[in-house]
Amino acid sequence: MNGTVNELIELGEEVATALSERRPVVALESTVIAHGMAYPGNVETARAIEQAVRSAGAVPATIGIADGRFVVGMDDKRIEQFATTQGVPKVSSRDIGPVLAGGGLGATTVASSLVAADLAGIPVFSTAGIGGVHRGAQTTFDISADLVQFTRSRVAVVCAGAKSILDLGLTLEYLETLGVPVMGYRCDDFPAFYCRSSGFRNPQRIDDLAAIARALRAHWAAGLPGGALVTHPIAEADALDAQAMEEVIERALADADAEGVTGPAITPYLMKAVSRATEGRSAAANRAVLISTAAVAGELAVAYARQAG
Ligand code: PSU
Ligand code: MN
713 MNGTVNELIE LGEEVATALS ERRPVVALES TVIAHGMAYP GNVETARAIE
763 QAVRSAGAVP ATIGIADGRF VVGMDDKRIE QFATTQGVPK VSSRDIGPVL
813 AGGGLGATTV ASSLVAADLA GIPVFSTAGI GGVHRGAQTT FDISADLVQF
863 TRSRVAVVCA GAKSILDLGL TLEYLETLGV PVMGYRCDDF PAFYCRSSGF
913 RNPQRIDDLA AIARALRAHW AAGLPGGALV THPIAEADAL DAQAMEEVIE
963 RALADADAEG VTGPAITPYL MKAVSRATEG RSAAANRAVL ISTAAVAGEL
1013 AVAYARQAG
């Protein structure tokens, strides 16, 4: 049996219990399951991500849309459904209303998962790679709604930065404009997902999760409306070479351009193209960074919950 907070949210049983007992919970997205990885690796990785959250002492809440509600805390059957169903729409902020009203399945991006996490009262979210400012945004205006949603949802986003399919320098500029704190946990540089560094600095570096949790509480106590980013890089042993990745990405971008791929389709297209071009090496790195990020998010959720007054 699942509990229901209100008509828009179906909480998984374990998540409902944890929230009512004020125990730490980590929210997770489902676009990465439906569009970011191939079956059956996507199911296996989704489970491993949840396990990493549990090992840190928190409860995982994988989020998606089904039957007109946000599912917050998918069970194994639901994860399998999202991993195997063809054509589950990718749902960003602007798609939430129509997809909820439509009654079908929806794979939530970072942006829409944050909306659900905020509604459910979950202050920590984990994803390996956020959306950002795309290369060439000067002419395409392609800037992920993830960035704007960070100004609306009071949820901390733990991530390994973003893939360098994006323009990470412009992404950091945009985050500054929006007033979103970016705190590197034990790292100077803003990470680049498969790679340990983007070449750009995190505006803040804080090496203690309790101190990061205090910074989050202070940000919110000051009445600031949005969330914050906490970045942590992929482990050295799992990281890919930045120069080799740059070549792969440039080829993928040129192919996308030649095929006329734009809009919401561009991120999944580039992710698949990079994965094919690296023949599984990026899939292994992808899995590793999703898991290591979730572990940090679990620890942050524990540190944050400990400070509850
Ligand atoms: N980057 C990744 N993996 C992902 C995504 C981005 O490395 O799975 C997904 C996330 O769900 C993110 C979304 O929120 O793509 C961003 O898409 P867009 O650029 O269309 O906003
Ligand atoms: Mn876009």
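Residue numbers for the sequence shown follow my numbering, so the first one is 713 and each next one is one higher.
Beta carbons are placed, not taken as given, at the ideal position from N, Cα and C, and that holds for glycine.
Buried/exposed call for residue i, threshold 16 Cβ in 10 Å
| i | result |
| --- | --- |
| aspartate 901 | buried |
| proline 810 | exposed |
| glutamine 798 | exposed |
| tyrosine 906 | buried |
| lysine 704 | Within the shown structure, residues of the chain are numbered from 713 to 1021, placing residue 704 beyond reach of any answer. |
| asparagine 998 | buried |
| alanine 829 | buried |
| alanine 823 | buried |
| glutamate 756 | exposed |
| methionine 713 | Low per-residue confidence applies at methionine 713: pLDDT is 42, beneath 50, and the placement is therefore not dependable, though the value from the model is reported in the following sentence. Exposed, since its Cβ has fewer than 16 Cβ neighbours within 10 Å. |
| valine 803 | buried |
| glutamine 861 | buried |
| glycine 1021 | exposed |
| serine 994 | buried |
| aspartate 879 | buried |
| threonine 821 | buried |
| threonine 839 | buried |
| serine 805 | buried |
| threonine 974 | exposed |
| asparagine 718 | exposed |
| isoleucine 842 | buried |
| alanine 795 | buried |
| arginine 898 | exposed |
| glycine 1010 | buried |
Cβ distance (whole Å) where residue i is taken to contact residue j below 8 Å
| i | j | result |
| --- | --- | --- |
| histidine 944 | alanine 872 | 6 Å |
| valine 783 | glycine 776 | 5 Å |
| proline 915 | arginine 866 | Not a contact, Cβ separation roughly 19 Å. |
| leucine 941 | methionine 983 | At roughly 20 Å, the Cβ-Cβ gap does not stay under 8 Å, so leucine 941 and methionine 983 are not in contact. |
| histidine 846 | isoleucine 978 | 7 Å |
| alanine 819 | isoleucine 745 | 7 Å |
| valine 986 | alanine 964 | 6 Å |
| isoleucine 1003 | alanine 760 | 5 Å |
| phenylalanine 1049 | valine 869 | Outside the displayed span of the chain (713 to 1021) sits residue 1049, for which this structure offers no information. |
| glycine 844 | serine 856 | 6 Å |
| glutamine 948 | arginine 908 | With the sequence shown as reference, residue 948 is identified as glutamate, and glutamine is not the correct amino acid for it. Yes, glutamate 948 and arginine 908 are in contact; Cβ-Cβ is about 7 Å, under 8 Å. |
Residues that DSSP places opposite residue i in a beta bridge
| i | result |
| --- | --- |
| histidine 846 | Leu878 |
| isoleucine 775 | Val784 |
| methionine 895 | Gln916 and Val942 |
| glycine 972 | The partner list for glycine 972 (beta bridge, DSSP) is empty, contrary to what the question assumes. |
| isoleucine 855 | Val845 |
| leucine 887 | Beta-bridge pairing links leucine 887 to no other residue. |
| asparagine 718 | Ile721 |
| glycine 873 | Ala904 |
| alanine 868 | Val836 and Ala940 |
| valine 738 | Pro772 |
heavy atom of ligand 3 below 8 Å from residue i C-beta
| i | result |
| --- | --- |
| histidine 747 | Absence of ligand 3 is noted for the structure shown, with ligand 1 and ligand 2 being the only ligands found. |
Cβ contact (3+ pairs, closer than 8 Å) linking the stretch 726-735 and the stretch 967-974: no
Assess contact between the stretch 951-960 and the stretch 879-889, defined as three or more Cβ pairs (one per stretch) separated by less than 8 Å. Is contact present? no
Meets three-Cβ-pair contact criterion under 8 Å: the stretch 921-931 and the stretch 1009-1019: yes
Kindly provide the ranges of any beta strand (DSSP E) runs that are 3 or more residues long and lie completely inside the stretch 901-954, ordered along the chain. 916-918 and 940-943
Give the list of continuous beta strand (DSSP E) stretches no shorter than 3 residues that lie fully inside the stretch 794-853. Within the stretch 794-853, the complete beta strand (DSSP E) segments at least 3 residues long are 836-838, listed from N- to C-terminus.
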